[in-house]
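Those protein sequences? They're chains A and B, same order as listed. Numbered per the working numbering, the first sequence spans residues 1 to 299. Numbered per the working numbering, the second sequence spans residues 1001 to 1299. Using N, Cα and C, we set each Cβ at its ideal position, and we do this for glycine too.
2 protein chains.
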Amino acid sequence: MSILVVGSIAFDSVETPFGKVKEVLGGSASYFSIAASFFANVRLVAVVGEDFPQEHLDFFQEKGVDLQGLQRLPGLTFRWEGKYGQNINERQTLSTCLNVFEVFQPEIPEQYRSSQYVFLANIDPDLQLKVLKQVNAPKLTVGDTMNFYIEGNLSGVKESLRAMDIMTINEEEVKQLTGETNLVRAAKKILSFGPKTVIIKRGEYGALMLSRDSIFSVPAYPLETVCDPTGAGDSFAGGFLGYLARNRKCDDKSLRKAVIFGSVMASFCVEDFSLNRLKSLSYSEIEKRFGEFKELTKF
Amino acid sequence: MSILVVGSIAFDSVETPFGKVKEVLGGSASYFSIAASFFANVRLVAVVGEDFPQEHLDFFQEKGVDLQGLQRLPGLTFRWEGKYGQNINERQTLSTCLNVFEVFQPEIPEQYRSSQYVFLANIDPDLQLKVLKQVNAPKLTVGDTMNFYIEGNLSGVKESLRAMDIMTINEEEVKQLTGETNLVRAAKKILSFGPKTVIIKRGEYGALMLSRDSIFSVPAYPLETVCDPTGAGDSFAGGFLGYLARNRKCDDKSLRKAVIFGSVMASFCVEDFSLNRLKSLSYSEIEKRFGEFKELTKF
């Protein structure tokens, strides 16, 4: 089964207590599509500038990511610069240059329109809705958002939410979006906006998934070194939706296993800068870590 | 099997977003012994002042807690006053009046000295060591500490740690004690100080247990209302050690189940102020919630 993803591709400059990288491959659509590529075919809709190197295109293609929906516009690729402190959960954005991403209008190629699985990464909610207008009744739509849009386009976020089957959102953002400090109440409020399921990403604390009649919680994989948390949430979404697309089932049992595969991909992502760890990753390593999650949580 | 607990009994005055209580029963030994009393016989060593009412003594005795080790000294019982904000994880201590607790010298009654299970609640580490000198080779010694002693008596904390089989400690304190921001590294450092196992209590995020050859992590029970978090850590320890004492086994499988029973008791504790929820609790409710933890985490 194929997954359509619409999101950003960026050059990230990141400093963490473990090092510093400059203009490396990043962006929500990059992390999502590479993580998902271990499970299913991925169709990428995003935009890059004239400065985007062939090397990265080759990387996507090696992983089987379909690039027919990738636009190349005059100008520079989106750039983001950030820094993480000793407390690796605290991120400071140093600069954001949207560049070609500012004028991004997602065009879904004809052959992508029947995609059964859709991931709307954290782009403007109005663009998320435009994407959904261009696809024929997908089996499952998963979406994300971020503080920037909650602050700047709350009505858009809520409208987009109504069109999602599953929302993934991080802990601070769900509190901001719902005005609730208690996560269970916040999650229930999200369900009242439309989605059937909400997954709250809690970084080093794991993930909480809530539906109308089920609640599932999993701790994060305990790592001794978190090199760079950038992209963990999108890698989670890639593993999550990738697993669901491969297995073609969306029942509670499948959703729970998908959350674990999401957590597995996020745990690999943060072991190195950029997509480096996902680049060297094998499927047998993914299966091994899935087994470690079983060991970690069984009683 | 009997459990010996040495710790504090206090009158707590607490304000949370859900209400306010004045001079209610509190203290580490109170929460621990009531939580543990659902599983095993508890022998309490603590101190109260002349103002401690018969009503509370009756409550302990109804729950089968042995009070032969309870000292009553001239003066007032330990008092603590605190406030929790909208973020229920942030606690502000408004006042601490040690009163009779300041001169507390734990005396272990002859008939307690053969106790097989010992819990050293967060009293001064020098007193923890004095307790251990008065008991004959217990099967299992579990201990706690707190920021106050880590700041004021670090060498004492480390010496006391050497004598514990299992340490329970909260997330901020383990970082403070080890100087490590990463929990896995922090936990390993604790093991290097002596204990065979460390359990890190993470409040609304659950608990992480680490031994030399096993790591176990469990999320917290997702509650819609956390009325008052006071005593959650000691209730956790009570459920944890209570289960182990009842089952007389300390293998990895038993430790994992014990962590769940600890989490169950902590989740009930925070549903109301003081020990109110534990007062009305039945064992069938405990079993039911244990089952809910299975549902919550299974995949």
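Given that a residue counts as buried once 16 or more other Cβ atoms are within 10 Å of its Cβ, and exposed if not, what is residue i?
| i | result |
| --- | --- |
| residue 1019 (chain B) | exposed |
| residue 1225 (chain B) | exposed |
| residue 1136 (chain B) | exposed |
| residue 102 (chain A) | exposed |
| residue 305 (chain A) | In the structure displayed, chain A extends from 1 to 299; residue 305 (chain A) sits before or after that span and is not available. |
| residue 240 (chain A) | buried |
| residue 154 (chain A) | exposed |
| residue 1234 (chain B) | buried |
| residue 1205 (chain B) | buried |
| residue 242 (chain A) | buried |
| residue 86 (chain A) | exposed |
| residue 1055 (chain B) | exposed |
| residue 201 (chain A) | buried |
| residue 1125 (chain B) | buried |
| residue 1179 (chain B) | exposed |
| residue 277 (chain A) | buried |
| residue 93 (chain A) | exposed |
| residue 160 (chain A) | buried |
| residue 110 (chain A) | exposed |
| residue 1274 (chain B) | buried |
| residue 114 (chain A) | exposed |
| residue 1106 (chain B) | buried |
| residue 1192 (chain B) | exposed |
So residue i packs on residue j, CB below 8 Å; how close in whole Å?
| i | j | result |
| --- | --- | --- |
| residue 49 (chain A) | residue 25 (chain A) | In fact, because the Cβ distance is near 13 Å, the residues do not count as touching under 8 Å. |
| residue 1270 (chain B) | residue 1131 (chain B) | Actually they are not in contact, since the Cβ atoms of residue 1270 (chain B) and residue 1131 (chain B) sit about 28 Å apart, beyond 8 Å. |
| residue 1003 (chain B) | residue 1045 (chain B) | The Cβ separation is near 11 Å, so there is no contact. |
| residue 1244 (chain B) | residue 1149 (chain B) | About 25 Å; that fails the 8 Å criterion. |
| residue 1196 (chain B) | residue 1165 (chain B) | 5 Å |
| residue 229 (chain A) | residue 88 (chain A) | 6 Å |
Could you check the C-alpha separation between residue i and residue j for me, to the nearest Å?
| i | j | result |
| --- | --- | --- |
| residue 1021 (chain B) | residue 81 (chain A) | 48 Å |
| residue 11 (chain A) | residue 60 (chain A) | 15 Å |
| residue 1098 (chain B) | residue 1079 (chain B) | 6 Å |
| residue 146 (chain A) | residue 1295 (chain B) | 30 Å |
| residue 1258 (chain B) | residue 95 (chain A) | 48 Å |
| residue 1151 (chain B) | residue 1183 (chain B) | 19 Å |
| residue 1076 (chain B) | residue 1013 (chain B) | 15 Å |
| residue 1058 (chain B) | residue 1260 (chain B) | 29 Å |
| residue 1090 (chain B) | residue 190 (chain A) | 25 Å |
| residue 266 (chain A) | residue 231 (chain A) | 8 Å |
| residue 15 (chain A) | residue 83 (chain A) | 5 Å |
| residue 284 (chain A) | residue 292 (chain A) | 12 Å |
| residue 104 (chain A) | residue 42 (chain A) | 20 Å |
| residue 8 (chain A) | residue 28 (chain A) | 5 Å |
| residue 1238 (chain B) | residue 297 (chain A) | 21 Å |
| residue 1385 (chain B) | residue 1250 (chain B) | The structure shown does not extend to residue 1385 (chain B), since chain B spans only 1001 to 1299, so no value can be given for it. |
| residue 1186 (chain B) | residue 1210 (chain B) | 10 Å |
| residue 71 (chain A) | residue 144 (chain A) | 21 Å |
| residue 1112 (chain B) | residue 1139 (chain B) | 14 Å |
| residue 1156 (chain B) | residue 216 (chain A) | 41 Å |
| residue 279 (chain A) | residue 176 (chain A) | 34 Å |
| residue 268 (chain A) | residue 1281 (chain B) | 43 Å |
| residue 287 (chain A) | residue 253 (chain A) | 18 Å |
| residue 1262 (chain B) | residue 1023 (chain B) | 26 Å |
| residue 289 (chain A) | residue 1212 (chain B) | 19 Å |
| residue 1100 (chain B) | residue 1047 (chain B) | 7 Å |
| residue 227 (chain A) | residue 264 (chain A) | 16 Å |
| residue 1246 (chain B) | residue 1032 (chain B) | 15 Å |
| residue 1051 (chain B) | residue 1069 (chain B) | 18 Å |
| residue 1256 (chain B) | residue 53 (chain A) | 50 Å |
| residue 1158 (chain B) | residue 1121 (chain B) | 15 Å |
| residue 214 (chain A) | residue 162 (chain A) | 20 Å |
With a threshold of 8 Å between beta carbons, is residue i in contact with chain C?
| i | result |
| --- | --- |
| residue 1206 (chain B) | No chain C is present in this structure, whose protein chains are A and B. |
Task: Meets three-Cβ-pair contact criterion under 8 Å: the segment 30 to 45 of chain A and the segment 54 to 71 of chain A - done: yes
Open item on the list: Using 8 Å as the cut-off, can you tell me whether the segment 214 to 229 of chain A makes contact with the segment 163 to 181 of chain A, which would need three or more C-beta pairs spanning the two stretches below that distance?
Closed with: no
Task: Runs of beta strand (DSSP E) lying entirely within the segment 202 to 267 of chain A, each at least 3 residues, in chain order - done: 207 to 211 and 214 to 218
- [ ] Would you mind listing the alpha helix (DSSP H) stretches within the segment 1096 to 1182 of chain B that are 4+ residues and don't spill past its ends, in chain order?
- [x] 1125 to 1133, 1147 to 1152, 1154 to 1162 and 1171 to 1178
- [ ] Jot down the residue ranges of each uninterrupted alpha helix (DSSP H) in the segment 38 to 99 of chain A, minimum 4 residues, whole runs only, in chain order.
- [x] Counting only runs of 4 or more, we get 54 to 62.
Task: 3-residue-minimum beta strand (DSSP E) runs that sit fully inside the segment 13 to 40 of chain A, ordered along the chain - done: 19 to 26
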